[in-house]
Amino acid sequence: MCVFSVATEEDKIVGGKECTPYSMPHQVSLNSGYHFCGGSLVNENWVVSAAHCYKSRVEVRMGEHHIRVTEGNEQFISSSRVIRHPNYSSYNINNDIMLIKLSKPATLNQYVQAVALPSSCAPAGTMCTVSGWGSTQSSSADGNKLQCLNIPILSDRDCDNSYPGQITDAMFCAGYLEG
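As structure tokens, this is what we get:
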């Protein structure tokens, strides 16, 4: 099983359901007066997110489940540095990754934990849990509550066939080809 976070407010977790509260303690909300992207806590000092979410300063909100309700488990820490991949391309979204240095260390506890990093790349067919806040295209889902969905990693061949000429070596695909 692998876990990763959906990054942007435009992304949708189609078919997603509300996560069990606090079951994704690595998930963070990037905030600049409003939630605009997600990310994952790598350790008590660093967050990884998508480069297309770049803002020079951001507040990182950890320990969240319902992003519009203060539940008492949250930690809000400002960024001290935001580093986009030096070869990020907004044209084709290549190298879409950035690191955020927290201005002080997060306190790790049952609500705030670093994501478990893999020692190798997961093969096609491996099921992953994606999580994030936002639309699910479901009238019953509340996008203000953290949403989860299990999806498979796709093979490079299937990815290339679905998105001809658009997938680089710095990308991978996950999800379902139908729909």
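Residue numbering for the sequence shown follows UniProt numbering, beginning at 1 and increasing consecutively.
Cβ atoms here follow ideal geometry from the backbone N, Cα and C, with glycine treated the same way.
In this structure, DSSP gives Ala174 an extended state, which the three-state scheme calls strand. Bounds of the beta strand (DSSP E) holding Asn150 are Gln147 to Pro152. One thing to note: Val115 has its Cβ no nearer than 9 Å to the Cβ of Ile100. Note: Ile83 is bridge-paired with Leu99 in the DSSP secondary-structure output.
The alpha-carbon separation between Met98 and Glu64 amounts to approximately 21 Å.
Under the 10 Å beta carbon count, Val69 is surrounded by fewer than 16 other beta carbons and is classified as exposed.
Rounded to the nearest whole angstrom, the CA to CA distance from Thr107 to Glu44 is 7 Å.
The three-state reading of DSSP puts Asn31 in strand, counting E and B together.
For Cys121, the three-state secondary structure derived from DSSP is coil.
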